[in-house]
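Number of protein chains: 2
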Amino acid sequence: MTTQTHHAQARVRYLEDLQVGERFKSASYLIEAADIKDFAGHFDPQPFHMDEDAARATFFGGLAASGWHTAAITMRLLVTGPVVMAGGIVGAGVEASWPTPTRPGDVLQVESEVVEITPSRSRPDRGIVVLQSHTRNQQGEVRQLMRAKLVVFRRPADADTID
Amino acid sequence: MTTQTHHAQARVRYLEDLQVGERFKSASYLIEAADIKDFAGHFDPQPFHMDEDAARATFFGGLAASGWHTAAITMRLLVTGPVVMAGGIVGAGVEASWPTPTRPGDVLQVESEVVEITPSRSRPDRGIVVLQSHTRNQQGEVRQLMRAKLVVFRRPADADTID
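Residue numbers (numbering that gives the first Met the number 0), protein chains in the order written: chain A, 0 to 162; chain B, 0 to 162.
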């Protein structure tokens with residue numbers, strides 16, 4: 000399930016269009032048991048991500064998504080979200096943590112805030128934007144915290160629109 | 000392609016079996032253009048991860064895997080690797096960066112080092128292990144750097160073998 004939210008602001012942003020303190024809210028994404036097992040089968044084949052019965056006896060106490068699955072869904076929600084960076088969402092580095100595990104039936108949504116904007120000294124056409132994102136389920140439980148450094152470009156001289 | 004490497008040491012480790020400075024090397028994993036596009040279609044649908052021609056005009060100068068795809072493959076290589084933690088590889092938090100993009104034809108391999116072991120004060124049955132991992136291709140180019148905090152359990156009183 001992907002519910003698009005609508006925003007008045009322009010979707011594509013250059014470095015100079017962003018402001019510290021700006022917040023964006025993504026669409027939402029339903030994750031089901033079959034999705035959890037499918038991702039885990041490819042990338043994180045551990046019992047607590049693969050099988051309800053085996054998961055019960057583990058740290059997680061039941062089927063839980065791989066943290067990398069939550070991270071990948073978060074990326075999807077950012078990329079398809081109301082605001083994207085000119086040139087795309089390109090991560091230079093990231094910190095992530097998973098305060099609670101993502102469960103089957105979770106409807107995930109990402110809220111992001113621009114917390115830092117640093118123009119590059121050596122490359123005047125770009126800068127680094129630090130974006131802090133909370134991925135929550137429909138009950139508001141935080142499933143992932145992320146702080147990402149993104150490479151964002153300035154508007155080139157020949158671009159006169161921002162969308 | 001997954002080439003299993005063989006190691007003499009026991010595969011499953013409890014907290015007290017790990018030592019700072021220990022290193023592990025994973026099997027290897029070939030990533031092809033179709034894999035890159037498939038992952039991106041699900042989780043990171045941006046032109047530089049989806050289409051060779053569109054990718055040429057971007058920051059990446061050619062088709063490149065999503066950083067989250069490199070991270071997910073790294074997880075697979077850790078989970079199926081020569082050493083796993085008792086109770087599984089459970090990440091409390093992670094820092095990752097992608098110094099160079101993963102390209103079609105890369106054969107990825109992960110080398111990890113235990114850099115910190117901190118027994119929990121409040122929960123005597125476990126501790127936090129910091130594992131630093133380099134994901135490199137067949138030419139030794141570093142595609143991902145990762146520092147992960149893992150929850151690792153002590154050997155329970157009734158366990159008398161480590162494998």
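From the three backbone atoms N, C-alpha and C, an ideal C-beta is built for every residue, glycine too.
Nothing here was measured: the structure is a model prediction, and the numbers come from that model.
| Query | Result |
| --- | --- |
| Pick from T73(B), Q143(B), E140(B) and H48(B) that is closest to D37(B), judged by C-alpha positions | H48(B) |
| Cross-chain neighbours of T91(A) in chain B, by beta carbon under 8 Å | Before going on, a small fix: residue 91(A) reads as Ala here, not Thr. Per Cβ cutoff of 8 Å: S96 and W97. |
| Any chain B beta carbon closer than 8 Å to S25(A) | no |
| Interface flag, T57(A) vs chain B, CB-CB below 8 Å | yes |
| Distance CB(S65(B))-CB(F42(B)) smaller than 8 Å | yes |
| Where D201(A) falls, given that 16 or more other Cβ within 10 Å makes a residue buried | Because chain A in this structure spans residues 0 to 162, residue 201(A) falls outside the shown range and cannot be described. |
| Local Cβ density within 10 Å of R12(B), reported as buried at 16 or more and exposed below that | buried |
| L29(B) beta carbon less than 8 Å from that of I116(B) | no |
| Any 3 or more C-beta pairs closer than 8 Å across the stretch 87-104 of chain A and the stretch 64-79 of chain A | yes |
| F38(B) (DSSP reduced to helix, strand or coil) | helix |
| Bounding residues of the beta strand (DSSP E) (the contiguous stretch that carries I127(A)) | R125 to R135 |
| Span of the alpha helix (DSSP H), counted from its first residue to its last, around I72(A) | G66 to V78 |
| Any non-hydrogen atom of the ligand NAD closer than 7 Å to I127(B) Cβ | This structure simply doesn't include the ligand NAD, nor any ligand for that matter. |
| Under 8 Å by beta carbon: chain A residues contacting G87(B) | Q45, P46, F47, T57 and F58 |
| Rounded separation between A164(A) and D157(B) - CA only | Residue 164(A) lies beyond the range of chain A shown here (0 to 162); nothing can be said about it. |
| Outcome for T99(B) when other beta-carbon atoms lying within 10 angstroms are tallied against a minimum of 16 | exposed |
| Spatially closest choice to V129(A) from T69(A), F58(A) and V93(A), by CA coordinates | V93(A) |
| Distance CB(S132(A))-CB(T69(A)) smaller than 8 Å | no |
| Contacts of M74(A) in chain B (Cβ-Cβ under 8 Å) | F42, D43, S65 and W67 |
| Test: V141(B) CB closer than 8 Å to a CB of chain A | no |
| One or two residues paired with A147(A) in a DSSP bridge | V93(A) and L130(A) |
| R142(B) burial status per 10 Å Cβ neighbour count (16 or more: buried) | buried |
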